[in-house]
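Position 148 (the sequence shown) corresponds to 147 in numbering that gives the first Met the number 0; numbering is contiguous. Here a beta-carbon is modelled for each residue, glycine too, at the ideal position from N, C-alpha and C.
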Amino acid sequence: MKYSVLTISDSAFSGTNKDLGGPLIIDIMGSQNILIEHMLVADEIDDIEQALKTLCEDSDNELILTTGGTGIGPRDVTPEATKNIIEYEIPGISELMRIKNYSKTDFVALSRAVAGVFNKKLIVNFPGSPKAVKENLEVLLPLLPHSIDLIKGNTDHKEIKR
């Protein structure tokens with residue numbers, strides 16, 4: 000699978016803190032997947048939208064994973080930026096991530112992460128915390144091959160292995 004990572008963080012962008020979520024996604028995705036690009040932007044809605052559009056214009060990308068900016072703070076605007084550009088939302092992905100992780104922390108209820116499609120690319124928002132990135136990616140990984148096939152127009156329905 001060919002993918003890109005977009006880290007959204009004021010502190011990582013300014014150099015105050017290290018980006019932990021983006022490198023963790025890359026590590027978990029492993030060598031069996033192909034990283035196209037890893038971008039870092041501040042929590043600015045226009046910058047996030049532009050970065051998402053740029054990544055989705057790359058014909059090699061199949062998947063864009065974002066980390067950061069999905070909470071309820073005043074600077075958390077990743078869901079709005081994502082919704083502004085996607086052609087359609089896939090609410091079941093973000094719902095499943097919240098449901099599966101609710102037993103681990105009640106704070107999952109504060110996540111506003113969304114998933115959707117733009118330019119035949121799947122975009123999925125993750126929180127910025129490394130723990131949440133790992134837990135959400137574990138939920139998402141089994142869905143990815145079939146999801147990406149369907150987005151590309153392949154209508155074969157496959158059984159998802161649990």
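Item, Value
"The region 17-35 contacting the region 81-97, beta-carbon criterion three pairs below 8 Å", "no"
"Sequence-distant residues of its chain with Cβ nearer than 6 Å to leucine 23 (five each side left out)", "Pro129, Val132"
"Test item: CB-CB of valine 113 and threonine 66 under 9 Å", "no"
"Contained alpha helix (DSSP H) runs [length at least 4] in the region 3-84, N- to C-terminal order", "9-13, 20-28, 44-56, 77-84"
"Among Arg74, Asp148, Gly21, the one whose alpha carbon lies nearest that of aspartate 46", "Arg74"
"Three CB pairs or more closer than 8 Å across the region 33-47 and the region 77-84", "yes"
"Beta bridge counterpart(s) of glutamate 94 as assigned by DSSP", "Paired residue(s): none; glutamate 94 is not in a bridge."
"Cysteine 55 beta carbon less than 9 Å from that of isoleucine 33", "no"
"Range covered by the beta strand (DSSP E) that runs through asparagine 135", "Taken as a continuous stretch (DSSP letters only), asparagine 135 belongs to no beta strand (DSSP E), being part of the alpha helix (DSSP H) at 129-139."
"C-alpha gap between aspartate 148 and leucine 121, whole angstroms", "10 Å"
"Residue(s) in a DSSP beta bridge with valine 123", "Leu64, Ala114"
"Backbone secondary structure at lysine 99 - three-state DSSP", "helix"
"Beta carbon proximity, lysine 151 to chain C, threshold 9 Å", "Reference to chain C is not applicable here, since this structure consists of a single protein chain."
"Cut-off 8 Å between Cβ atoms - residues of its own chain near leucine 109, not counting five sequence neighbours on either side", "Gly70, Ile71"
"Contacting residues, own chain, Cβ-Cβ under 7 Å from serine 146 (five flanking each side not counted)", "Leu121"
"DSSP bridge partner residues for lysine 151 (one or two, in chain order)", "For lysine 151, which the question treats as bridged, DSSP gives no partner whatsoever."
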